[in-house]
Amino acid sequence: MSPVRPNPTRIACIGGSACFTLEQIGARDRLVGWTEDASPSLLRDSGVLLGNPKEPDFGKLAKLQPELVLVDRFLCSGEAFAALSSEFPVYVLDATSLLDLRLELEELGSMLHMTDEFRAKSLELQAHELRIRSEQLGAPPLRLLIPLSREPWSIVGGKGFAADCLAVCAAKTAINNSENRSEPWIPGQLRPEDYDALILPTPSFTQEDGDVLAVAPELADKPMRLLDERALLWAGLYALQGLQEICKVVHSLRHDLPG
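Start counting the sequence shown at 61; every next residue gets the next number (our numbering).
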């Protein structure tokens, strides 16, 4: 793996959370290349499209001559990553908890000579970390059913912020999208008694007027909240706003539960 130059100014991002990280820390002006899973509202007005994050266009990447390549930890396997790390200076974003995230931000901030900005971000994260811990102390973890329209890679399997304070049950489709009330698919034959509450991502599961789509009868009697799907997908992956929104929703749900 090539060494990272001090204070790199030309940064390519492989993976959506890498792009989001650069945006969150105020280093967007250093972006020279991004992959197709980057949020259009964030980054697609600058830089060069490098294609699929699992198989980035190495020809385009080489022409950009990046001084640093930020890579999502979920993409750190296979031949493509081996080739990437052998040709370019790579920094893997590997945080799996708020504590890891804070330390990683500080390390990356030092590398980019953005110490003041990262110190402020770190203090924000510390405050949220302490508040979350104090709120959760003595409280059993909520079992949340969260239907996602895309692969829920940031909250399933014990990854990300959810692993810190929530036991999460996930399903790609838990809502009836048609008038025929087709049977919803829930992994593992999840039963209503297996979870405490339901969080519905928007806009995937709301109509154009904002009303919630018809909910399957077996789900309808559970406490329910709406949450922007972007906050869910970025949970624990460098989105302070996502952490804030999830904290608000979880805190609100607790008041609806018996005991």
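Even for Gly, the Cβ is constructed at its ideal location relative to N, Cα and C.
Just so you know, these numbers come straight off a predicted model, no measurement behind them.
In this model, P318 and L260 are separated by some 21 Å (Cα to Cα).
Looking at the backbone, the Cα of V129 and that of L287 are separated by about 31 Å.
The straight-line gap separating the alpha-carbon atoms of L121 and E115 is approximately 12 Å. The distance from the Cβ of R70 to that of L124 is about 7 Å, consistent with a contact at the 8 Å cut-off. Contact between the region 163-179 and the region 133-148 is not established, with fewer than three Cβ pairs separated by less than 8 Å. Here R90 is buried: its Cβ has 16 or more other Cβ atoms, across all protein chains shown, within 10 Å. Contact between I74 and F178 is absent: CB atoms are separated by about 21 Å, not below the 8 Å threshold. Within its own chain, the residues whose Cβ lies closer than 7 Å to the Cβ of H173, once the five positions on either side in sequence are excluded, are N67, listed in chain order. For the options A87, S137 and S146, the alpha carbon positioned closest to that of D176 is the one of A87. In the structure shown, D288 falls within a strand segment according to DSSP collapsed to helix, strand and coil.
Here V309 carries a helix assignment [DSSP, helix/strand/coil]. Burial check for S170: the Cβ neighbour count within 10 Å stays below 16, so the residue is exposed.
When the beta-carbon positions are compared, E96 and L109 come within less than 8 Å of each other.
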